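Q: I'd like to ask you about the structure that follows.
2 protein chains.
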Amino acid sequence: MSWKRDRPETPRGYHHGNLKEELVKAALGLIGEKGPNGFTFAEAARMAGVSPAAPYRHFRDRDELLADVAARGFQTFEAALSRAWDQGRPDPETAFHRLGRAYLAFAHDEPAYYSAMFEAGVPLDASPELRAAADRAFANLRQAAEALIARLPQGKRPPALMMALHIWAMSHGIAALFGRADGGRRPLPMSAAELLEAGMLIYLQGLGIGPETAAPQAG
Amino acid sequence: MSWKRDRPETPRGYHHGNLKEELVKAALGLIGEKGPNGFTFAEAARMAGVSPAAPYRHFRDRDELLADVAARGFQTFEAALSRAWDQGRPDPETAFHRLGRAYLAFAHDEPAYYSAMFEAGVPLDASPELRAAADRAFANLRQAAEALIARLPQGKRPPALMMALHIWAMSHGIAALFGRADGGRRPLPMSAAELLEAGMLIYLQGLGIGPETAAPQAG
DNA sequence: CAGCTCATGTTAACAGCGCTAACATGGCGC
DNA sequence: GCGCCATGTTAGCGCTGTTAACATGAGCTG
Numbered sequence: 153m154s155w156k157r158d159r160p161e162t163p164r165g166y167h168h169g170n171l172k173e174e175l176v177k178a179a180l181g182l183i184g185e186k187g188p189n190g191f192t193f194a195e196a197a198r199m200a201g202v203s204p205a206a207p208y209r210h211f212r213d214r215d216e217l218l219a220d221v222a223a224r225g226f227q228t229f230e231a232a233l234s235r236a237w238d239q240g241r242p243d244p245e246t247a248f249h250r251l252g253r254a255y256l257a258f259a260h261d262e263p264a265y266y267s268a269m270f271e272a273g274v275p276l277d278a279s280p281e282l283r284a285a286a287d288r289a290f291a292n293l294r295q296a297a298e299a300l301i302a303r304l305p306q307g308k309r310p311p312a313l314m315m316a317l318h319i320w321a322m323s324h325g326i327a328a329l330f331g332r333a334d335g336g337r338r339p340l341p342m343s344a345a346e347l348l349e350a351g352m353l354i355y356l357q358g359l360g361i362g363p364e365t366a367a368p369q370a371g
Numbered sequence: 153m154s155w156k157r158d159r160p161e162t163p164r165g166y167h168h169g170n171l172k173e174e175l176v177k178a179a180l181g182l183i184g185e186k187g188p189n190g191f192t193f194a195e196a197a198r199m200a201g202v203s204p205a206a207p208y209r210h211f212r213d214r215d216e217l218l219a220d221v222a223a224r225g226f227q228t229f230e231a232a233l234s235r236a237w238d239q240g241r242p243d244p245e246t247a248f249h250r251l252g253r254a255y256l257a258f259a260h261d262e263p264a265y266y267s268a269m270f271e272a273g274v275p276l277d278a279s280p281e282l283r284a285a286a287d288r289a290f291a292n293l294r295q296a297a298e299a300l301i302a303r304l305p306q307g308k309r310p311p312a313l314m315m316a317l318h319i320w321a322m323s324h325g326i327a328a329l330f331g332r333a334d335g336g337r338r339p340l341p342m343s344a345a346e347l348l349e350a351g352m353l354i355y356l357q358g359l360g361i362g363p364e365t366a367a368p369q370a371g
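Here is the structure:
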């Protein structure tokens, strides 16, 4: 039985006891190593020390495991964004920039999660938990947008949803194109974080939020 | 021989004559239908009416076909962007917005190409042609950035590369998150094109390029 | 504690995939 | 007309996802 671990770290009997968790961890590791396509149901089972058919007791198919990983990714993503935003303390601008850095930090530090969430082709409604976690993550961006908009005079307020979408799009665009651990698809003269920071400063300036007479060049 | 077409549209002998082209077309169709992961070397061969091993006479492996599709995608992408930019005529602002619409139009109208280019995980240096085509496509964005920057007074000019990266990031972010033919990952109250247009207007406003501050340009 | 149940594991099997080696065909240059 | 070799085919390897049939034993029930 070549699939058995040669020296089981945690000897077990017929039943594993914690297989679902271990499969998710194995999947996360494999996605991190070889990308969401290289990830294999069979290999995850092998890493967990069970037969190739065992995972089917916990996930309908490979896609459901992927969706589970993505959902967990959105949950920790949401936690990170929420912690960074910290309800806009001490002031919305400071908290907002912290939020942007947290976004990129997540993409950089958790490439496996980010991959499962945005590159594996998992549809957002693969499961209610996934959808809910993604919505909660996005809610942080929207909340930040609202707090910043509140500083504008009544007549000049853009729709908060639109602004949140812009923030998300630029963050995701930078993360996807330049922000991965491998340096991204193209070498850059500046870091992804700096790029996002500068882009967001310009965008906010365009809305009328920000240092009044600041030059567009960000430092 | 079940892989043979029941009624070959173009009857052929032992040799196909145009297999490489037909494989690329088949791959493009399959990627469009089932995404870059669903695409299969064997099925492309089936569609072309040849045996599953025939494609290996034209591509080292599956990844090389994918890279070829991506390279062709970047070539037609570059052509579309170049046509839209049209050397900045009649004026950079007009041409720039045309460029943005062309970007989204490509992502929307050629989902198979866009998928192969940005979602299939093909590394940009998979082939020199790929890298070159991608660079030429990006050069259009950079050229547009430079033309717009030239309208700013000397002291307030951001780096053109940075600006081009911001444009690319926002375009790609919107295309990836909301701009696909299936409506994207999330229903929106506005179209992707409108979202990008608004985002770019705000961004340009932040740089000091906008309706109000447009400097009369002697030309 | 005996016994039953059923969640969770295993084995065996199928079809399909990427890929390779060995062989077949026939278009084209000599 | 002949032979080379690009291009096709066949057969087969090991892998994958997935299912069906069977095995185990943890935990409830009496």
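Chains A and B are the protein sequences, given in the same order. Just so we're aligned: the first sequence equals residues 153 to 371 in the working numbering. Just so we're aligned: the second sequence equals residues 153 to 371 in the working numbering. Cβ coordinates follow ideal geometry from the N, Cα and C atoms, glycine included. Predicted, not measured: the structure shown is a model, and the values here were computed from it.
Going by beta carbon distance, what residues of the same chain come within less than 6 Å of B/L356, once the five residues before and after it are set aside?
A: For the purposes of this step, residue 356 of chain B is identified with residue 204 of the second sequence, where counting begins at 1. Answer for B/L356: G362, listed in chain order.
Q: Note down, in chain order, each residue of its chain lying with its Cβ closer than 8 Å to the Cβ of B/G360, except the 5 sequence neighbours on either side.
A: The count along the second sequence starts at 1 and reaches residue 360 of chain B at position 208. Closer than 8 Å at Cβ, skipping near neighbours: L304, K308.
Q: Can you list, in chain order, the residues of its chain with a C-beta nearer than 7 Å to that of A/L276? Leave out the 5 residues immediately preceding and following it.
A: Here residue 276 of chain A refers to the residue found at position 124 when the first sequence is read from its first residue. For A/L276, where only same-chain residues beyond five positions count, the Cβ hits under 7 Å are L282, R283, A286.
Q: Along the chain, where does the alpha helix (DSSP H) that runs through A/E349 open and close?
A: Taking the first sequence and counting its residues from 1, one reaches residue 349 of chain A at position 197. 344-359 is the extent of the alpha helix (DSSP H) around A/E349.
Q: Spell out whether any CB of chain B is found under 8 Å from the CB atom of A/N292.
A: Position 140 of the first sequence, counting from 1, holds the residue named residue 292 of chain A. No, no contact with chain B.
Q: Residues of chain A with a CB under 8 Å from the CB of B/M342: which are they?
A: For this step, residue 342 of chain B is matched to residue 190 along the second sequence. Per Cβ cutoff of 8 Å: M314.
Q: Closest Cβ-Cβ distance between A/G307 and chain B: below 8 Å?
A: Residue mapping note: residue 307 of chain A aligns to position 155 of the first sequence, counting from 1. Cβ-Cβ to chain B under 8 Å: no for A/G307.
Q: So with CB distances below 8 Å, who are the chain A contacts of B/W320?
A: What you label residue 320 of chain B is simply residue 168 of the second sequence in a count that begins at 1. Simply G325, L329.
Q: Using the Cβ count rule (16 or more neighbours within 10 Å means buried), how would you classify B/D158?
A: Counting from one through the second sequence, the residue named residue 158 of chain B turns up at place 6. Any reading at B/D158 needs caution, since the residue's pLDDT is 42, under 50, leaving its predicted position unreliable; the model's value is listed next. Under this definition B/D158 is an exposed residue.
Q: In chain B, what lies closer than 8 Å to A/E245 by C-beta?
A: Within the first sequence, residue 245 of chain A is the residue found at index 93, counting from 1. Going along chain B, no residue has its Cβ under 8 Å from A/E245, so there is no contact; the nearest lies around 14 Å.
Q: Taking all protein chains shown into account, decide if A/H324 is buried (16 or more other Cβ within 10 angstroms of its Cβ) or exposed.
A: Locating residue 324 of chain A in the first sequence gives position 172, counting from the first residue. With 16 or more Cβ atoms within 10 Å of its Cβ, A/H324 is classed as buried.
Q: Is A/H210 near A/L251, with beta carbons less than 8 Å apart?
A: Counting from one through the first sequence, the residue named residue 210 of chain A turns up at place 58. Counting from one through the first sequence, the residue named residue 251 of chain A turns up at place 99. Using a Cβ distance threshold of 8 Å, A/H210 and A/L251 do not count as a contacting pair.
Q: What are the start and end residues of each continuous alpha helix (DSSP H) run of 4 or more residues lying completely inside the region 196-262 of chain B, in chain order?
A: 214-237, 244-261
Q: On the three-state DSSP scale, how would you describe B/R337?
A: Counted from its first residue, the second sequence places residue 337 of chain B at position 185. B/R337 falls in the coil class under three-state DSSP.
Q: Contact defined as beta carbons within less than 8 Å: I believe A/A196 pairs with A/L218. What is the distance between those atoms, to the nearest angstrom?
A: Locating residue 196 of chain A in the first sequence gives position 44, counting from the first residue. Locating residue 218 of chain A in the first sequence gives position 66, counting from the first residue. Not really, about 11 Å apart at Cβ, beyond 8 Å.
Q: Looking at the structure shown, is A/P363 part of a helix, part of a strand, or coil, going by DSSP?
A: What you label residue 363 of chain A is simply residue 211 of the first sequence in a count that begins at 1. A/P363: coil per DSSP, three-state reduction.
Q: Classify B/E185: buried if its beta carbon has 16 or more other beta carbons within 10 angstroms, exposed otherwise.
A: In the second sequence, residue 185 of chain B corresponds to position 33, counting from 1. Answer is exposed; the Cβ neighbour count stays below 16.
Q: Determine the contact status of B/I326 and B/A344, defining contact as a CB-CB distance below 8 Å.
A: Along the second sequence, one-based indexing puts residue 326 of chain B at 174. Along the second sequence, one-based indexing puts residue 344 of chain B at 192. Contact: yes.
Q: Which of the three DSSP states, helix, strand or coil, is assigned to A/E173?
A: One-based indexing of the first sequence puts residue 173 of chain A at position 21. Here A/E173 sits in helix by DSSP.
Q: Kindly indicate which residue of B/T192, B/A278, B/Y208, B/H249 has the alpha-carbon position closest to the one of B/E346.
A: Here residue 346 of chain B is taken as the residue at index 194 of the second sequence, counted from 1. Of the candidates B/T192, B/A278, B/Y208, B/H249, the one whose C-alpha sits nearest the C-alpha of B/E346 is B/H249.
Q: Just verifying my parser: in three-state terms, what is the DSSP assignment at A/P275?
A: Looking up residue 275 of chain A in the first sequence gives position 123. Three-state DSSP puts A/P275 in coil, outside helix and strand.
Q: Return the residue from the list B/R338, B/Q239, B/A328, B/R253 that minimises the CA-CA distance to B/A299.
A: The residue given as residue 299 of chain B occupies position 147 in the second sequence. Here the closest residue by C-alpha is B/Q239.
Q: Roughly how many angstroms lie between the CA atoms of B/F191 and B/P263, to the nearest whole one?
A: Looking up residue 191 of chain B in the second sequence gives position 39. Looking up residue 263 of chain B in the second sequence gives position 111. Whole-angstrom Cα-Cα distance: 14 Å.
Q: Just how far apart, CA to CA, sit B/G169 and B/G187?
A: On the second sequence, residue 169 of chain B is found 17 positions in, with the first residue counted as 1. On the second sequence, residue 187 of chain B is found 35 positions in, with the first residue counted as 1. Spanning the two alpha carbons is a distance of roughly 28 Å.
Q: Provide the residue span of the alpha helix (DSSP H) that contains B/Q295, from first to last.
A: Within the second sequence, numbered from 1, the residue matching residue 295 of chain B stands at position 143. Note, B/Q295: alpha helix (DSSP H), 280-301.
Q: Please return the same chain residues whose Cβ sits closer than 6 Å to the Cβ of A/G225, not counting the five positions on each side in sequence.
A: Counting from 1 along the first sequence, the entry for residue 225 of chain A is found at position 73. Around A/G225: Y265, A268, M269.
Q: May I have the straight-line CA-CA distance separating A/L313 from A/M199, to the nearest angstrom?
A: Within the first sequence, the letter at position 161 stands for residue 313 of chain A. Within the first sequence, the letter at position 47 stands for residue 199 of chain A. If you take the alpha carbons of A/L313 and A/M199, they lie about 43 Å apart.
Q: Under a three-way DSSP split, which group does A/G187 fall into?
A: Numbered from its first residue, the first sequence carries residue 187 of chain A at position 35. A/G187: helix per DSSP, three-state reduction.
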